[in-house]
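With positions in the sequence shown counted from 1, the corresponding number in the numbering used here is that position plus 170. Heads up, the beta-carbon is just placed ideally off N, CA and C, and yes, glycines get one too.
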Amino acid sequence: MKIQIEKEKLQAAYKNACGCVKDAFEKLFGEDVLETAKPTLDDYKTIKSYEDACDVLGLSPILSENRNKALCAQFPDHYDFRQNMPKHIIALMKLEIISRALWGKSFEPEPDAEGNKIYWYPWFALYTKDEVDRMSDEERKSLCGALFGGAGHGAYAGFGYLTADGRSSDSGADIGIRLCQETEEKAAYFGRQFIELWAEYLAYGFKVTEHLK
């Protein structure tokens with residue numbers, strides 16, 4: 171019987187293993203296969219965690235109340251005032267750092283008065299069509315009110331827009347360009363790779379399930 175294992179998942183398991191478990195991994199697969207590429211600004215796909223983003227940008231990570239043992243060992247005497255902030259604010263701060271790292275060395279989004287540039291932002295489907303179809307009328311109305319009650323300001327990611335109730339000279343940055351990427355592919359990676367942080371930031375209280383990934 172042949173078992174196929176995704177390389178990234180294998181590397182993640184090896185990274186979290188310890189002692190004899192790591193030894194077993196190395197004997198089975200070899201160290202060359204198990205070692206992940208070091209995070210770099212030259213390849214956004216090597217940035218797989220918030221800590222990776224901090225590493226490539228030369229920043230110290232935010233230490234939250236749930237900081238892991240590795241960070242405790244690295245910064246044993248460090249107190250971060252931000253650990254008392256609401257979780258969704260800390261998540262946003264982390265996402266902004268990750269976004270900056272994903273931009274790489276040569277890219278930084280800038281306001282475009284002519285509207286010629288396109289920037290991309292992760293967009294999430296919180297419910298599938300089947301899930302919505304299975305809801306009662308009351309549940310569906312409640313959901314629509316919660317999700318779309320303020321939709322007039324929910325989809326602007328730029329610095330200028332034209333709508334039926336606003337002139338082209340109006341200015342808005344409801345989402346914020348700091349979380350935008352220059353390509354659709356990179357924005358999709360930003361959303362999928364860091365889905366847990368996005369869920370915490372957006373504070374919808376939804377669970378990260380397979381259809382979101």
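Look at residue i and residue j and say whether their C-beta atoms are less than 8 angstroms apart.
i: Ile232; j: Lys264; result: yes
i: Tyr289; j: Glu352; result: yes
i: Ala182; j: Phe195; result: no
i: Phe277; j: Trp368; result: no
i: Leu349; j: Glu280; result: no
Taking the continuous alpha helix (DSSP H) assigned at residue i, which residues delimit it?
i: Lys293; result: Note that residue 293 corresponds to Trp in the displayed sequence, not to Lys. Trp293 -> no alpha helix (DSSP H), and no H or E assigned at all.
i: Gln363; result: Glu354 to Gln363
i: Asp212; result: Note, Asp212: premise wrong, no alpha helix (DSSP H); not H, not E.
i: Gly189; result: Gly189 to Phe199
i: Ala271; result: Lys257 to Trp273
i: Asp300; result: Lys299 to Asp303
Kindly give me the distance between the Cβ atoms of residue i and residue j, rounded to whole angstroms, as I take these residues to be in contact under 8 angstroms.
i: Ala392; j: Leu227; result: Because residue 392 is not part of the residues shown, which for the chain are 171 to 383, the question remains open.
i: Lys275; j: Asp222; result: Not confirmed; about 15 angstroms, so no contact.
i: Ile386; j: Ile217; result: Summary: the structure shown does not reach residue 386, with the chain confined to residues 171 through 383, and so no result is reported for it.
i: Tyr184; j: Lys192; result: 7 angstroms
Let me make sure I understand the geometry here. Which of the options has the alpha-carbon closest to that of residue i?
i: Asp225; options: Lys215, Tyr214 and Thr210; result: Thr210
i: Lys215; options: Gln181, Lys356 and Ser306; result: Lys356
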